[in-house]
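This report concerns only the one structure given below.
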Amino acid sequence: MTARNAVLLIIKQNQGMEYHALLNKIAANYSTLNSARAALSRTLKDLRAFGLVTKQGSNLFITDKASTEISSEMKSKLLIRLNQLVRAKNPHLGINPIVELLHALIERSKTDADLLKAAKGSTEFTVSELARINQRILTQVEQLSKVSKVFSEQINALKAFDFNDSRRMDLNPVTLGLLVEAANKLNAEKITVESDDALLLEQLSTVTASKPKANNLLVELKEMPGLVSLLSTHAREGKKLWLSFYFPGIKALLDVNGLEFIGPFSKLNGLLGE
Numbered sequence: 006m007t008a009r010n011a012v013l014l015i016i017k018q019n020q021g022m023e024y025h026a027l028l029n030k031i032a033a034n035y036s037t038l039n040s041a042r043a044a045l046s047r048t049l050k051d052l053r054a055f056g057l058v059t060k061q062g063s064n065l066f067i068t069d070k071a072s073t074e075i076s077s078e079m080k081s082k083l084l085i086r087l088n089q090l091v092r093a094k095n096p097h098l099g100i101n102p103i104v105e106l107l108h109a110l111i112e113r114s115k116t117d118a119d120l121l122k123a124a125k126g127s128t129e130f131t132v133s134e135l136a137r138i139n140q141r142i143l144t145q146v147e148q149l150s151k152v153s154k155v156f157s158e159q160i161n162a163l164k165a166f167d168f169n170d171s172r173r174m175d176l177n178p179v180t181l182g183l184l185v186e187a188a189n190k191l192n193a194e195k196i197t198v199e200s201d202d203a204l205l206l207e208q209l210s211t212v213t214a215s216k217p218k219a220n221n222l223l224v225e226l227k228e229m230p231g232l233v234s235l236l237s238t239h240a241r242e243g244k245k246l247w248l249s250f251y252f253p254g255i256k257a258l259l260d261v262n263g264l265e266f267i268g269p270f271s272k273l274n275g276l277l278g279e
């Protein structure tokens, strides 16, 4: 959309808006406020010269001529885009935008006789073509349904074979508490905590008997509640946390986005549920 049409559309949607309100709406498209102001002044000057915008005091209005021009261009773009999508090589693979445009066309045609007339005369496809596209979609849905059934059976087979699984959750005091729960349920007498953040490991070692070695910190089971409490404090303060916890048969990854447990399906299912 050109700058001129963008301004016209904004005013059309906010008839009577003031200059500064319009400037605020377009300012984000420019590097500086001065460049936005200069561009808007030029555009408004042209629009008023062509009789597309009028000014009453400090308020801006579009004229009937401008409204007709905008409507005509939007109709044209809608029909052109719809023709392009339907006539594409595999239209059934891009059906969502076709459905959206057809919805817009049908709803607007109920109240816009000109659009309905233009659509009837300029669409490059027939109803039967749309029906054939729909049939291809139905065939694809049927095929995907069969594939999905087989895929589900394969997933269940991997669960039965106890393949590795994962559980990811948001970071909060409750999920952090699962680290303590995991240590207890898995009878982990000692838990290895790993991180490339040497300062973080040093801070965590204030609640453990051991000190960091290389990128590791050895934590005893009884020390886990204190360590998790310290991590909760760090999380509340917005500090970045990048840690790996090694329990018997299960690994937990802690980062700024959340907490993830990784391990055999049966162990994770017993620890966290499916």
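If you're matching positions, the sequence shown starts at 6 in the working numbering and goes up one per residue.
Beta carbons are placed, not taken as given, at the ideal position from N, Cα and C, and that holds for glycine.
*What's the call for Leu-248, buried or exposed, on a 16-neighbour Cβ count within 10 Å?*
To locate residue 248, count along the sequence shown from 1; it is residue 243. So Leu-248 counts as buried.
*Which term fits Glu-105, buried or exposed, when burial requires 16 or more other beta carbons within 10 angstroms of its beta carbon?*
Walking along the sequence shown from the start, residue 105 turns up at place 100. Answer is exposed; the Cβ neighbour count stays below 16.
*Compare the Cα-Cα distances from Val-212 to each of Asp-202, Asp-201, Leu-226 and report the closest residue.*
For this step, residue 212 is matched to residue 207 along the sequence shown. Of the listed residues, the one whose Cα sits closest to Val-212 is Leu-226.
*Mapping DSSP to helix, strand and coil, what is Ala-11?*
Taking the sequence shown and counting its residues from 1, the one referred to as residue 11 is at position 6. Ala-11 falls in the helix class under three-state DSSP.
*Would you mind giving the Cβ-Cβ distance between Arg-172 and Leu-277, rounded to the nearest angstrom? I have them listed as a contact below 8 Å.*
Taking the first residue of the sequence shown as position 1, residue 172 is located at position 167. Taking the first residue of the sequence shown as position 1, residue 277 is located at position 272. Arg-172 to Leu-277, Cβ: 5 Å. Contact.
*To the nearest angstrom, report how far apart Pro-96 and Arg-47 are at their CA atoms.*
Your numbering for residue 96 matches position 91 in the sequence shown. Your numbering for residue 47 matches position 42 in the sequence shown. The alpha-carbon atoms of Pro-96 and Arg-47 are separated by roughly 42 Å.
*Buried or exposed: Lys-245, going by 16 or more other Cβ atoms within 10 Å of its Cβ?*
Working through the sequence shown from its first residue, we reach residue 245 at position 240. Exposed, because fewer than 16 other Cβ atoms sit within 10 Å of the Cβ of Lys-245.
*Report yes or no: do the region 58 to 68 and the region 98 to 113 share at least 3 C-beta pairs separated by less than 8 Å?*
no
*Using three-state DSSP, classify Tyr-35 as helix, strand or coil.*
For this step, residue 35 is matched to residue 30 along the sequence shown. Tyr-35 falls in the coil class under three-state DSSP.
*By Cβ distance below 8 Å, which residues in the same chain neighbour Lys-256 in space, the five residues on each side in sequence not counted?*
As a working mapping, residue 256 is identified with position 251 in the sequence shown. Cβ within range, chain order: Ser-249, Phe-250, Phe-266, Ile-267, Gly-268.
*Quick one: give me the first and last residue of the beta strand (DSSP E) that Ser-249 is part of.*
Counted from its first residue, the sequence shown places residue 249 at position 244. Unbroken beta strand (DSSP E) run through Ser-249: 248 to 252.
*Coil, strand or helix - Ile-267 by DSSP*: Here residue 267 corresponds to residue number 262 of the sequence shown, with the count starting at 1. Looking at Ile-267 - three-state DSSP - the assignment turns out to be strand.
*Would you list the residues sitting across from Asp-260 in a DSSP beta bridge?*
Residue mapping note: residue 260 aligns to position 255 of the sequence shown, counting from 1. Asp-260 is bridged to Gly-263.
*With contact counted as at least three CB pairs below 8 Å, one residue from each stretch, are the region 192 to 208 and the region 136 to 155 in contact?*
no
*Those residues which DSSP pairs with Gln-61 across a bridge*: The count along the sequence shown starts at 1 and reaches residue 61 at position 56. Its beta-bridge partners are Asn-64.
_Taking 6 Å as the limit between beta carbons, can you name the residues of its chain near Glu-199, skipping five residues before and five after?_
Within the sequence shown, numbered from 1, the residue matching residue 199 stands at position 194. Cβ neighbours of Glu-199 beyond the five flanking positions: Asn-220, Asn-221, Ser-249.
*To the nearest angstrom, how far is it from the Cα of Ser-72 to the Cα of Lys-115?*
Translated into positions along the sequence shown, residue 72 becomes position 67. Translated into positions along the sequence shown, residue 115 becomes position 110. If I take the Cα positions, the gap works out to 19 Å.
*Leu-110 and Leu-135: beta carbons closer than 8 Å?*
Counted from its first residue, the sequence shown places residue 110 at position 105. Counted from its first residue, the sequence shown places residue 135 at position 130. Contact: no.
*Note down, in chain order, each residue of its chain lying with its Cβ closer than 7 Å to the Cβ of Asp-175, except the 5 sequence neighbours on either side.*
Residue 175 sits at position 170 when you count from the first residue of the sequence shown. Here the set comprises Gly-263.
*Report the residue from Thr-180, Ser-127, Val-185, Asn-19 whose alpha carbon sits nearest the alpha carbon of Leu-84.*
To locate residue 84, count along the sequence shown from 1; it is residue 79. For Leu-84, the nearest C-alpha among the options comes from Ser-127.
*Inter-residue spacing [alpha-carbon to alpha-carbon] between Val-261 and Thr-238*: On the sequence shown, position 256 is the one that residue 261 refers to. On the sequence shown, position 233 is the one that residue 238 refers to. Their Cα atoms are separated by approximately 14 Å.
_alpha helix (DSSP H) segments (min. 4 residues) lying fully within the region 39 to 113_ = 69 to 91
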